[in-house]
Every structure is written in structure tokens, then in C-alpha cells.
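Residue numbers (this note's numbering): 1 to 172.
In this text, a Cβ means the ideal position worked out from N, Cα and C, and glycines have one as well.
Owing to the predicted nature of the structure, the values given are computational and were not obtained by experimental measurement.
Below is one structure, written out as C-alpha cells; comments come after it.
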């Protein structure tokens with residue numbers, strides 16, 4: 001995408017990767033500095049929302065081809081997506097430690113990490129089979145943005161249902 005669509009090289013690729021990392025690190029500092037009582041589920045939803053910006057802005061960049069605006073969209077999407085990754089990564093660990101029974105924490109954490117690595121390996125093998133043979137890279141990013149949006153909607157509705165059930169249980 002960086003080479004073929006945006007007509008950029010290794011330096012820009014490094015900037016894009018750095019923007020993701022910078023967003024993630026800054027989110028970590030922000031989360032460490034907060035003093036108020038925080039709901040990690042809200043941070044998870046925020047992180048997922050921000051993560052959607054990465055593929056969505058790459059779709060925009062892909063439609064603009066190799067312009068200055070396209071490279072700016074790619075950099076902005078990478079930074080905002082990195083902020084989302086920071087929220088998701090940090091708060092998923094927080095929720096894992098909070099919700100897992102102490103005796104099973106190591107096992108559950110191992111399964112969680114294995115699922116993350118498995119997803120990455122499937123992506124490394126699966127994406128080159130789809131792109132560019134079956135899907136354009138821009139359409140692939142569009143599908144990713146839509147999929148992340150669907151997950152966000154599902155998460156929001158599920159959390160609302162759980163909250164309603166807990167309130168009903170307290171009322172009785």
C-alpha cells in the first residue's frame with residue numbers, strides 16, 4: 001500500500017509505523033496519569049472507535065492515490081489508530097487481571113496471548129491470499145473498518161444489556 005498506492009518508500013513506512021507506536025505510548029502515559037475512577041470497558045470502546053480511523057483513513061488515502069493529502073491521511077490514521085491500540089492493549093490486560101479468577105489468571109492470560117498471536121499469524125498468511133488477487137487493498141481496508149465498526153456496535157449493545165440485567169437484579 002505504501003509503495004504501490006501512496007508511491008512512498010521505506011522512510012514513509014517507518015514514519016507510519018512510528019506514528020502507531022507514538023500513539024500507543026502516549027496513550028499509556030495518559031492512562032497512567034489519570035487519577036479518577038475509570039471504567040475500562042469505556043476505554044475499550046473508545047480504543048476500538050479510534051482504531052477504526054486507521055483503516056478508514058487508509059481507504060481515503062487509497063482513493064486519493066499518491067498525493068500529499070493521501071500521505072497525511074495515512075499518517076493521521078496511523079497515529080489515531082495507535083492511540084486506539086494503546087487503549088485496547090492496556091485495558092484488555094486490566095480487564096483480564098480484574099475478571100479472571102486468581103488461580104486461573106496465568107492460564108487465561110496464556111490463552112488470550114495465544115489467540116492474539118494466532119490472529120496475527122492467520123493475517124500474515126491470509127491477507128496475501130486475498131489481496132490483490134481477490135480484493136483491492138483499499139476495499140480490504142474498507143472491510144476492516146466495517147468489521148471493526150460491527151464489533152464496536154456488538155460490544156456496546158452487549159455491555160448495555162449486561163448493565164440492564166445487573167440493574168434489574170439489584171432492583172429485585
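Here's a check: name, in chain order, each residue in its chain whose Cβ is nearer than 7 Å to the Cβ of residue i, leaving out the five neighbours to either side.
i           : result
residue 112 : 96
residue 130 : 140
residue 19  : 75, 78, 79 and 82
residue 151 : 48
residue 13  : 2
In its own chain, which residues sit with a C-beta less than 8 Å from the C-beta of residue i, not counting the 5 before and 5 after it?
i          : result
residue 11 : none
residue 9  : 2 and 3
Which whole-angstrom value describes the C-beta separation of residue i and residue j, a residue pair presumed to lie in contact below a C-beta threshold of 8 Å?
i          : j          : result
residue 64 : residue 70 : 4 Å
residue 28 : residue 93 : So it is not a contact: roughly 11 Å between Cβ atoms.
Would residue i and residue j qualify as a contact pair, given that the criterion is a beta-carbon distance under 8 Å?
i           : j           : result
residue 6   : residue 74  : yes
residue 100 : residue 90  : no
residue 52  : residue 171 : no
residue 62  : residue 138 : yes
Whose C-beta lies closer than 6 Å to the C-beta of residue i among residues of the same chain, with five residues either side of it excluded?
i          : result
residue 50 : 80, 83 and 84
Is any heavy atom in the ligand NAP found nearer than 7 Å to the beta carbon of residue i?
i           : result
residue 105 : As for the ligand NAP, it is missing from this structure, which has no ligand bound.
For this session: Could you say if the stretch 106–121 and the stretch 34–42 meet the contact criterion of at least three C-beta pairs nearer than 8 Å?
Result: no
Exercise. How about the stretch 153–167 and the stretch 76–84: do they share at least three Cβ pairs that are nearer than 8 Å?
Worked result: no
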